[in-house]
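Quick notes on the structure that follows.
What follows is the structure, given as structure tokens:
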């Protein structure tokens, strides 16, 4: 089987079709006309056969097998015999049974999939065909609201049509240049339980909007941003999340969508930048140190049921101790009122009573009168309640409550993945962040959400894959030694593009170096044949080279001498302490812990000096250090350095 045939079969299986079932039916069929294409098409179209030896359903299954045979090599012959019109005739026939309609839809999907890989022209023929007054375009949209199999087949058929340029143009003309079925598309992306159909619809929209940019404005005006973000948050399948993120990347090319994406929320009290938090969480979990810190200090938020039980137990112990103490102090055997259930307040007369006032009243109650005894009992109850409330405030569980959305260890996407999340899916989400990072405010919010700490491991995963028999990073002889697949190259472009902006913040430069990403970025800069990827790597290296604390790690990564600056800058004490920018999307008290994960207090300082002649670096001079001049200006976390710009100018790249 040729490569194109294998691709056709793989696409059909991904769309939910099992080609072997048609092959089994063909082998078991004993009819003499099972290979006679004109007769089979006539039986399928007119629901009649000579002698009545074959039904429409049998003919449809046999034709489906022939369209699948050898990866669709007979598609051209089937198209010339009028198979498309026969399928449409079945779809408009009110007497056709569900299996007949399913076969007809499956045949159309197979023909369109074959056209996608072999260029048979089936997609354009499907769009132009009619059955009576009904066009194929309208019939396919009607099938999107029908049963599961037909819905999946119709959605995949529309996807193939949108991905073929000539067929897409014909479809847009049939749509009068408008998205008449956009509410149907959005409902399938957000609410459909058919993952295959929803995934195909997302790809259909992405291909349609990518090929016809004028439709993006109409889609944005009708709420497509909220639908896609809801799909990213709701669905738990790797494939569908990747396709929704791909669609979002196209929508983000329109700057009017940025604020809606960043501030998206489908739940109350989500806080600012909740949509951006969702995208960052889709990159992967935060560093383990952050998760350990939050599980230690915010266990009552992460595990509320367990915290409630422990708090109830401790509160009951405190109340029992207070009752015992009151009984011991009451010589006349008076008891305080019975305890109340945990979480309910006792009556305290509307004000708190101090212990001094309690003792004063106790000294006045020496006459033994009944009124004095009742007054002493009330005061004793009020004193016990005040002590109980103070004890609750002093317990560790009484930390000011925070919503789950504010903690890094809780994924704001509410995702419990049903499958392994691929690096390609996370890199597609990184493409969305690549676009949003062009905004200074959004870039700083990403930094506060630890986006850098999640992006660098993705580079490491792509550049250092596990040994599975094939090495993506093989090194044959030649100038460009790096070999990456098209998918990996596109993923790295998205990841390095986002890091290109994030490394404008010096703390993120240190994170890139500290997490082991420098050696891979250097490799991309030296060996990648992809121009944009190489330029992204160049800017990242230029940014990291300006930070003094990265000196030794730059030396270990074999950074080219052209990137070295004469006067690198140090991380400021404010950056090290993590107090420069308060985090409005997370607990501010954890900021110091987050930065200390990568910026320990006893950081070694290595200042590398570039030789005027471009010679080797002097490691001894780098370790001895030099005085930092005040020529570098920090403003809102952005780095402005004449030396930095001179280095970039020398490399022929500005950012």
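Numbering (full-length UniProt numbering), first residue to last: 1 to 655. All residues carry an ideal CB built from backbone N, CA and C; glycine is no exception.
>> Assuming residue 529 is part of the alpha helix (DSSP H), what are its boundary residues?
In response: Counting from one through the chain shown, the residue named residue 529 turns up at place 529. According to the DSSP assignment, residue 529 belongs to no alpha helix (DSSP H), since it is labelled neither H nor E.
>> Assuming residue 544 and residue 512 are in contact, meaning their beta carbons sit under 8 angstroms apart, how far apart are those beta carbons, in whole angstroms?
In response: Looking up residue 544 in the chain shown gives position 544. Looking up residue 512 in the chain shown gives position 512. Sure, about 6 angstroms apart at Cβ, within 8 angstroms.
>> Residues in the same chain with beta-carbon distance under 6 angstroms from residue 424, minus the five sequence neighbours each way, listed in chain order, please.
In response: Taking the chain shown and counting its residues from 1, the one referred to as residue 424 is at position 424. Here the set comprises 487, 491.
> Would a C-beta distance cut-off of 9 angstroms place residue 251 and residue 220 closer than the cut-off?
Replying inline: Position 251 of the chain shown holds residue 251. Position 220 of the chain shown holds residue 220. Their beta carbons are under 9 angstroms apart, which means residue 251 touches residue 220 by this criterion.
> By Cβ distance below 7 angstroms, which residues in the same chain neighbour residue 31 in space, the five residues on each side in sequence not counted?
Replying inline: Residue mapping note: residue 31 aligns to position 31 of the chain shown, counting from 1. 53, 54, listed in sequence order.
> Who are the near neighbours of residue 614 in its chain, counting only those whose CB is closer than 8 angstroms to its CB and skipping five residues on each side?
Replying inline: Position 614 of the chain shown holds residue 614. Residue confidence for residue 614 is low, a pLDDT of 35 falling below 50, so the modelled location carries little weight and cannot support an answer.
>> Buried or exposed, going by whether 16 or more other CB atoms sit within 10 Å of the CB of residue 275?
In response: The sequence position of residue 275 within the chain shown is 275, counting from 1. Of the residues assessed, residue 275 falls on the buried side of the cut-off, its CB having 16 or more other CB atoms within 10 angstroms.
> Which residue's Cα is closest to the Cα of residue 571: 244, 35, 547, 88?
Replying inline: Here residue 571 refers to the residue found at position 571 of the chain shown. Looking at the Cα atoms, 547 is the closest of the given residues.
> Helix or strand or just coil, what does DSSP make of residue 131?
Replying inline: As a first step, residue 131 must be located in the chain shown, where it is residue number 131. Strand.
> Should residue 494 go down as buried or exposed, given a rule of 16 or more other Cβ atoms within 10 Å for buried?
Replying inline: In the chain shown, the residue the question calls residue 494 occupies position 494. Label assigned to residue 494: buried.
> Just checking, does the stretch 204–221 make contact with the stretch 168–187 on the three C-beta pairs under 8 angstroms criterion?
Replying inline: The stretch 204–221, when compared against the stretch 168–187, does touch it at the 8 angstroms Cβ threshold.
> In three-state terms, what does DSSP make of residue 261?
Replying inline: As a first step, residue 261 is located in the chain shown; it is residue number 261 there, counting from the start. Helix, per DSSP.
> Where does residue 586 land, buried or exposed, given buried means 16+ other C-beta within 10 angstroms?
Replying inline: For the purposes of this step, residue 586 is taken as residue 586 along the chain shown, with counting starting at 1. For residue 586, the predicted model reports a pLDDT of 35, less than 50, meaning its position is unreliable and no value from the coordinates is stated.
>> Any contact between the stretch 153–167 and the stretch 119–137? By contact I mean 3 or more CB pairs, one from each, below 8 angstroms.
In response: Short answer: they touch.
> Could you check where the alpha helix (DSSP H) with residue 42 kicks off and where it finishes?
Replying inline: Here residue 42 corresponds to residue number 42 of the chain shown, with the count starting at 1. Its alpha helix (DSSP H) spans residues 37–46.
> Do you know how far the Cα of residue 263 is from the Cα of residue 149?
Replying inline: Sequence index remark: in the chain shown, residue 149 carries index 149 (1-based). Sequence index remark: in the chain shown, residue 263 carries index 263 (1-based). One Cα belongs to residue 149, the other to residue 263, and the distance between them is close to 37 angstroms.
> At which residues does the alpha helix (DSSP H) containing residue 294 begin and terminate?
Replying inline: Translated into the one-based positions of the chain shown, residue 294 becomes position 294. For residue 294, the enclosing alpha helix (DSSP H) stretches over residues 288–297.
> Which residues does DSSP pair with residue 569 in a beta bridge?
Replying inline: Here residue 569 is taken as the residue at index 569 of the chain shown, counted from 1. Note: residue 569 sits in a beta bridge opposite 547.
>> Excluding the 5 residues flanking residue 41 on each side, which residues of the same chain have their C-beta closer than 7 angstroms to its C-beta?
In response: By 1-based counting over the chain shown, the position of residue 41 is 41. 63, 81, 82, 83, 86.
> Can you give the Cα-Cα distance for residue 514 and residue 173, rounded to whole angstroms?
Replying inline: Within the chain shown, the letter at position 514 stands for residue 514. Within the chain shown, the letter at position 173 stands for residue 173. The alpha-carbon separation between residue 514 and residue 173 amounts to approximately 54 angstroms.
> Looking only at C-alpha atoms, which of 237, 112, 527 sits nearest to residue 167?
Replying inline: Taking the chain shown and counting its residues from 1, one reaches residue 167 at position 167. It is 112 whose Cα lies nearest to the Cα of residue 167.
> So what's residue 420 in DSSP terms, helix, strand or just coil?
Replying inline: For this step, residue 420 is matched to residue 420 along the chain shown. Residue state for residue 420 is assigned as coil, using DSSP reduced to three classes.
>> Rounded to the nearest angstrom, what separates residue 29 and residue 43 at their Cα positions?
In response: Start at 1 with the first residue of the chain shown, and residue 29 comes out as number 29. Start at 1 with the first residue of the chain shown, and residue 43 comes out as number 43. Computed Cα separation, rounded: 16 angstroms.
> Which parts of the stretch 438–514 are runs of the alpha helix (DSSP H), unbroken and 4 residues or longer, counting only runs that do not cross its ends?
Replying inline: Those alpha helix (DSSP H) runs which fall completely within the stretch 438–514 and span 4+ residues are 440–448, 451–463, 486–502, 506–514.
>> I'd like the span of the alpha helix (DSSP H) that includes residue 101, first residue to last.
In response: Counting from one through the chain shown, the residue named residue 101 turns up at place 101. Boundaries of the alpha helix (DSSP H) around residue 101: 98–118.
> Under a Cβ-count criterion, where at least 16 other Cβ atoms within 10 Å of its own Cβ denotes burial, should residue 320 be classed as buried or exposed?
Replying inline: The residue given as residue 320 occupies position 320 in the chain shown. Exposed: under 16 other Cβ atoms inside 10 Å.
> So, using beta-carbon positions, are residue 720 and residue 524 closer together than 9 angstroms?
Replying inline: With the chain running from 1 to 655 in the structure shown, residue 720 is simply not present.
> Under a three-way DSSP split, which group does residue 214 fall into?
Replying inline: Locating residue 214 in the chain shown gives position 214, counting from the first residue. Residue 214 carries a coil assignment under DSSP once its states are collapsed to helix, strand and coil.
>> Between the alpha carbons of residue 146 and residue 295, how many angstroms are there, rounded?
In response: Taking the chain shown and counting its residues from 1, the one referred to as residue 146 is at position 146. Taking the chain shown and counting its residues from 1, the one referred to as residue 295 is at position 295. Rounded to the nearest angstrom, the two C-alpha atoms are 47 angstroms apart.
>> Between which residues of its own chain and residue 259 is the CB-CB distance below 7 angstroms, once the five residues before and five after are set aside?
In response: One-based indexing of the chain shown puts residue 259 at position 259. Closer than 7 angstroms at the Cβ level, and outside the excluded window around residue 259, lies no residue.
> So what's residue 224 in DSSP terms, helix, strand or just coil?
Replying inline: Indexing the chain shown from 1 puts residue 224 at position 224. If DSSP states are grouped into helix, strand and coil, residue 224 belongs with the helices.
> Is residue 130 near residue 88, with beta carbons less than 9 angstroms apart?
Replying inline: Taking the chain shown and counting its residues from 1, one reaches residue 130 at position 130. Taking the chain shown and counting its residues from 1, one reaches residue 88 at position 88. Here residue 130 is near residue 88, since their CB atoms are less than 9 angstroms apart.
> When burial is assigned at 16 or more other CB atoms within 10 Å of the CB, is residue 183 buried or exposed?
Replying inline: Translated into positions along the chain shown, residue 183 becomes position 183. Its Cβ having fewer than 16 others within 10 Å, residue 183 is exposed.
> Tell me which same chain residues have a C-beta within less than 7 angstroms of the C-beta of residue 455, skipping the five on either side of it?
Replying inline: Residue 455 sits at position 455 when you count from the first residue of the chain shown. 283, 430, 495, 498, 499.
> Which of helix, strand or coil does DSSP assign to residue 176?
Replying inline: The residue given as residue 176 occupies position 176 in the chain shown. In the structure shown, residue 176 sits in coil (DSSP, three-state: anything other than H, G, I, E or B).
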